[in-house]
Amino acid sequence: MKKISKQHLIAACLGAWLFSGCSKDIYDRTASLPALIPAVADGNAGEWKPYLLATNEDVAVAAPIATNNPDYIAQINEIKAAQADYTPEEKSRVDYWSAGAVLRWNEIMRELVAKRNLPPYQNDDGTYPLPNANNPLAYPIFPFANPPYAARAYAYVAAAQYDALVAAYHYKAVYNRKAPYAVDSTLRVMIPKNALPSYPSEDAVVAGAAVEMLKLLFPADQDYINQRAQEHMQARILSGANVRSDLEAGQALGRAVAQKFAARARTDRAGASAGNAASWQALVDVTLARGEVPWYSFELPVRPPMLPAFGKVKSFLIDSMGVIALRPGPPPLVESEKMKQETMEVYDFVKNPTRERIRIVHFWADGVGTYTPPGHWNAIAADDFIKQNISEVRWARNLALLNMAMFDAAIVCWDTKFFYFNPRPTQLNPSIKTLTGIPNFPAYISGHSTFSGAAATILGHLSPANAQKYKDMANEASMSRVYGGIHYRSDCEVGLETGIKLAAYAVNKAKTDGAE
Amino acid sequence: MLLKYSPTCLLVGALLASTCQLHAQTETDAIMMNRTQFCAGFLYNHSSWNEYWEGTRKRNNLNLGTVTNQSVMFMANYGITDNLNVMVGAPYVWTNASAGTLKGMKGVQDLSLNVKWRGLNYAINKKSKLALYAIGGFSTPLQNYVIDYLPLSVGLGSTNFTGRLMVDYKYNRWFATLWGAYTYRNNIKLDRADYYDTEGHNGNEVRMPDQSTFQLRAGYRGKYLIAEATLTRLHTIGGFDITRNNMPFPSNQMNSSVAGAGFKYTLKQHTNLSFLGSFGYTFRGLDVNGNYFLDSRNVGKSTSFSGGIFYAIYTKKSARKTANNNTNQP
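Here it is as structure tokens:
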């Protein structure tokens, strides 16, 4: 029977081939990218302004050994030994990492966020357990990488990588130690050569900063993160791009810079952003005292709101007064004619949704188990940066600007959400069924819209040719929430505006960091 | 036409997807239409669950309540020869969750096409008979319905090719049928840009793991009445478990074991007309060591029932035979 089954399978595959091929290989748009060859080397990036470090010499990097030192020659021989005997898998890792260190670590970040973006399951008594950073592997695993958490994580990693790279490019210029293939012309090289001094290694800086930051942000995944970093470093040796001392100095620099960011992260008030029962009740009381209808959770059992004090987290681009200054005016009153109209509009959208609108809802949903809206904008940005062939340090800078903008957008958005504590459409009209899950926090203003307004604005500045495209995407992402039945139009329009206003600070930073 | 509830139909709703591929019915039974006979009808199916297996963990979900999947399927069967039948079918599916706010979906699901060939029809003696069948099946979505919205999507969206081998033994009016099938499932594409299954993917194309299905059915097959019990085992070859409190995903490892019963009755006074009904229950069976020898995972613990009405047309060419073979004799 087995044998005949196989024949059937072969016949079936022949038929399948007529449709879309028998192969089940799936298309991954970055799986086989060419090696990064920067159009502009940005060799002067050591002079760019770091975002957290006071100067590019905040972290000292010791002078490297000379290239005629026997230790150095031993390190060249380590490369040769690796190249004498390697597996196809090791070679494929060289190709994988050569597409760009910042890109690959950004992808790993998105993967970790998606993996950990799961709301904890309730306790038997109907309460919910909170992930515990001090015991990350116990259920619920730390973190619950929801959108605000993810926005913050992306920002810290990207900014730490950028600052560490600025320092690295500075020391590259200071010490000017040549790449191993420039020292030993007989060395085989598996990646495109460049004229950049190789000490400290920019790849190792990026990996070191990521590993150190992620230790704090994704503690349950350290084994995986360390394994990826090790593969990354091994790929650099095997490819002939770096000797071990390039990598060790780079990793040490990346880690040291990241430790400064980690110190900031430990005191940025994110740890207290979940609030407690008293603070959750206070939100209800304050809203009632204002004569308004307080938000309530649609989850069963009723789940406390997501990170109600995230609006108090320390932002990168503005201070706490700046957050309050950006807080928009109130949403339409619940009893107002405008709110009735907007609720009716939502109802009409979800009553008979078109296929295209459902596609838009789901394209932008970025809900549970995904890399979140900030992750989606990272993916959008990365796709364009790949085409632009920018240097590693510019990759880091652009992603840092993008992610700092989205992190701060999350802060301003969450501040607004919990200041007004406004109900979702389904709360005002229970017959509104939704095409995606109702996020467990107040409606006004839309997180997707605030993220997207901020992201589209900074990305449009970084790549003016794509500005209109980003704007259109942001508008679509924003409206997807109305189509999906989970936001009023006001939430989205004001969210977009607020995100755009916030991003002006990121644009200012971009204009003054020395990279333009 | 002799319609039995198909195992895959029993799985409507047994699958967390609530959406199995509804095949035309007769590819799963050992009954043939004679040459030029044509039969068509409608089958209604109702399947619901309020518990499901998240991986191996059984749970409920207060934000879904009871998930219900209903369908009406049109089916037709034509006898090209006494030993070669061709069948088509297509269901209209609608879904609903009794709690929470997620909106149900509705729409035409997959077209299925099956060719059934009886390669052997051997009378062992006066009382017992043995028959062997080979069935080739194909199904594909009739429209671009929403896939990535489990458990409320209409279907899983893949184009499938199924090979099935069946053996049927009959003693007087008692019978037992056993078949095994292998289903090759083409990749699908989601509405979202990227996704995570057990790793991150930069793209929306999803590899769908293939499936194997086995069914044992046994009971009484008389001239006008068929009554039988069934046991159906669906196994997804690969795929992954739903992680804790995550949403289900189309390429989850959806396995199910379904026990069922069904009947079909052809009117004596009007043999063109027949009625059928069936019932199915998804379960998980423990062996003495506490292992699940009959597994169900990443599917709803569903209860389903179906009912249908079918009308057969006996043309002149087959009329000569209809006096005797208008009913359930294979």
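So the sequences go chain by chain: A and B. Residues in the first sequence are numbered from 0 upward in steps of one, following numbering that gives the first Met the number 0. Residues in the second sequence are numbered from 0 upward in steps of one, following numbering that gives the first Met the number 0. Heads up, the beta-carbon is just placed ideally off N, CA and C, and yes, glycines get one too. Keep in mind it's a predicted model, so treat the numbers as computed, not measured.
Fill in: The beta strand (DSSP E) enclosing B/Phe262, as first and last residue numbers
Counting along the chain, the beta strand (DSSP E) containing B/Phe262 begins and ends at Ser255 to Thr265.
Practice prompt. Determine the contact status of A/Leu306 and A/Pro147, defining contact as a CB-CB distance below 8 angstroms.
Written response: Taking 8 angstroms as the cut-off, the Cβ atoms of A/Leu306 and A/Pro147 count as close.
Item to complete: Indicate whether at least one CB of chain B lies closer than 8 angstroms to the CB of A/Gly321.
Response: No, A/Gly321 does not count as interfacial toward chain B.
Worksheet item: With burial defined as no fewer than 16 other Cβ atoms inside 10 Å of the residue's Cβ, what is the status of B/Leu129: buried or exposed?
Response: B/Leu129 should be labelled exposed.
Item to complete: Report the option in B/Phe160, B/Gly99, B/Phe282 and B/Gly299 whose CA atom is closest to the CA atom of A/Lys432.
Response: Of the residues B/Phe160, B/Gly99, B/Phe282 and B/Gly299, the one whose Cα lies closest to the Cα of A/Lys432 is B/Gly99.
Discussion item. In whole angstroms, give me the CA-to-CA distance for B/Leu42 and A/Lys23.
Written reply: Taking the straight line joining both Cα atoms gives about 34 angstroms.
Item to complete: Report the option in A/Ala30, A/Asp365 and A/Asn507 whose CA atom is closest to the CA atom of A/Ser91.
Response: In terms of Cα proximity to A/Ser91, the closest of A/Ala30, A/Asp365 and A/Asn507 is A/Ala30.
Worksheet entry | When A/Ala264, A/Pro329 and A/Phe309 are compared against A/Arg289, the one with the closest alpha-carbon | For A/Arg289, the nearest C-alpha among the options comes from A/Pro329.
Item to complete: Reducing DSSP to helix, strand and coil, say where B/Gly218 ends up.
Response: Under the three-state reduction of DSSP output, B/Gly218 falls in the strand class.
Item to complete: In the DSSP assignment, find the unbroken alpha helix (DSSP H) run with B/Asp196 in it and report its ends.
Response: For B/Asp196, no alpha helix (DSSP H) segment is defined, and its DSSP state is neither H nor E.
Worksheet item: Closest Cβ-Cβ distance between A/Pro438 and chain B: below 8 angstroms?
Response: No, A/Pro438 lies away from the interface with chain B (no Cβ there is under 8 angstroms from its Cβ).
Worksheet item: Looking at chain A, which residues of the region 177-196 of chain B have a Cβ within less than 8 angstroms of any of its Cβ atoms?
Response: Residues passing the 8 angstroms Cβ filter: Gly179, Tyr181, Tyr183, Asn185, Asn186, Leu189, Asp190, Arg191, Ala192, Asp193, Tyr194 and Tyr195.
Worksheet entry | B/Trp342 versus B/Thr67: straight-line alpha-carbon distance, rounded | Summary: the structure shown does not reach residue 342 of chain B, with chain B confined to residues 0 through 329, and so no result is reported for it.
Worksheet item: What do you reckon, are the CB atoms on A/His361 and A/Thr435 nearer than 8 angstroms?
Response: Contact flag set, yes.
Item to complete: Name the one or two DSSP bridge partners that A/Trp413 has.
Response: Under DSSP, A/Trp413 shares a beta bridge with no residue.
Worksheet entry | Residue range of the unbroken beta strand (DSSP E) whose run includes B/Lys105 | Going by DSSP, B/Lys105 is part of the beta strand (DSSP E) stretching over Lys105 to Val107.
Worksheet item: At a CB-CB cut-off below 8 angstroms, which residues of chain B make contact with A/Glu492?
Response: Within 8 angstroms Cβ-Cβ: nothing; A/Glu492 doesn't reach chain B, min ~23 angstroms.
Worksheet item: B/His45: which of B/Ile123, B/Tyr91, B/Val145 and B/Lys169 sits nearest, CA to CA?
Response: Of the residues B/Ile123, B/Tyr91, B/Val145 and B/Lys169, the one whose Cα lies closest to the Cα of B/His45 is B/Tyr91.
Practice prompt. Leaving out five residues on either side along the sequence, give the residues of the same chain with a beta carbon under 6 angstroms from the beta carbon of A/Asp365.
Written response: Closer than 6 angstroms at the Cβ level, and outside the excluded window around A/Asp365, lie Thr371, Pro372 and His375.
Practice prompt. Sort B/Ala226, B/Gly40, B/Met104 and B/Ala228 by Cα distance to B/Met86 and report the nearest one.
Written response: The shortest C-alpha separation from B/Met86 is found at B/Gly40.
Item to complete: State the DSSP-derived secondary structure class of B/Ala226, mapped to helix, strand or coil.
Response: For B/Ala226, the three-state secondary structure derived from DSSP is strand.
Practice prompt. Pull up the distance between the alpha-carbon of B/Gly307 and that of B/Leu275, whole angstroms please.
Written response: C-alpha separation (whole angstroms): 5 angstroms.
Discussion item. Check whether chain A comes within 8 angstroms of B/Gln24, counting only Cβ atoms and requiring the distance to be less than that.
Written reply: Reliability fails at B/Gln24, whose pLDDT of 44 lies under 50, so the model's placement of it is uncertain and no value is given.
Discussion item. Whether or not the region 242-257 of chain B and the region 267-274 of chain B are in contact is what I'm after, with contact meaning three or more pairs of Cβ atoms, one per stretch, closer than 8 angstroms; do they touch?
Written reply: Touching, no, given that fewer than three Cβ pairs across the two stretches are closer than 8 angstroms.
Discussion item. Please report whether the beta-carbon of B/Met86 lies at a distance below 8 angstroms from any beta-carbon of chain A.
Written reply: Cβ-Cβ to chain A under 8 angstroms: no for B/Met86.
Fill in: Outcome for A/Val210 when other beta-carbon atoms lying within 10 angstroms are tallied against a minimum of 16
Buried, by the Cβ-count rule.
Worksheet item: What does DSSP give as the partner residues of B/Val92 in its beta bridges?
Response: Beta-bridge pairing links B/Val92 to B/Ser70 and B/Gly106.
Worksheet item: Near A/Asn55, which residues of its chain fall below 7 angstroms by C-beta distance, leaving aside the five closest residues on each side in sequence?
Response: Closer than 7 angstroms at the Cβ level, and outside the excluded window around A/Asn55, lie Gly45, Pro49, Val165, Ala166 and His169.
Discussion item. I'd like the ranges of any alpha helix (DSSP H) spanning at least 4 consecutive residues and lying wholly in the region 69-138 of chain A.
Written reply: You should have 69-83, 87-97 and 100-115.
Worksheet entry | For B/Ile79 and B/Arg216, the rounded distance between their alpha carbons | If you take the alpha carbons of B/Arg216 and B/Ile79, they lie about 26 angstroms apart.
Worksheet item: Are the beta-carbon atoms belonging to A/Val345 and A/Tyr487 less than 8 angstroms from one another?
Response: Closer than 8 angstroms, so yes.
Worksheet item: What is the DSSP secondary structure of A/Ala273, reduced to helix, strand or coil?
Response: A/Ala273: coil per DSSP, three-state reduction.
Discussion item. Along the chain, where does the alpha helix (DSSP H) containing A/Tyr504 start, and where does it finish?
Written reply: Start and end: Arg488 to Thr511.
Item to complete: Excluding the 5 residues preceding and the 5 following A/Asp383 in the sequence, name in chain order all residues of the same chain whose CB lies nearer than 8 angstroms to its CB.
Response: Cβ-Cβ distances below 8 angstroms link A/Asp383 to Leu458, Ser462 and Asn465 in the same chain, with the five nearest sequence neighbours on each side left out; the list follows chain order.
Discussion item. Is it buried or exposed, B/Ile123, if we count other Cβ atoms within 10 angstroms and call 16 or more buried?
Written reply: Exposed, since its Cβ has fewer than 16 Cβ neighbours within 10 Å.
Worksheet entry | Delimiting residues of the alpha helix (DSSP H) encompassing A/Phe384 | Start and end: Thr371 to Gln387.
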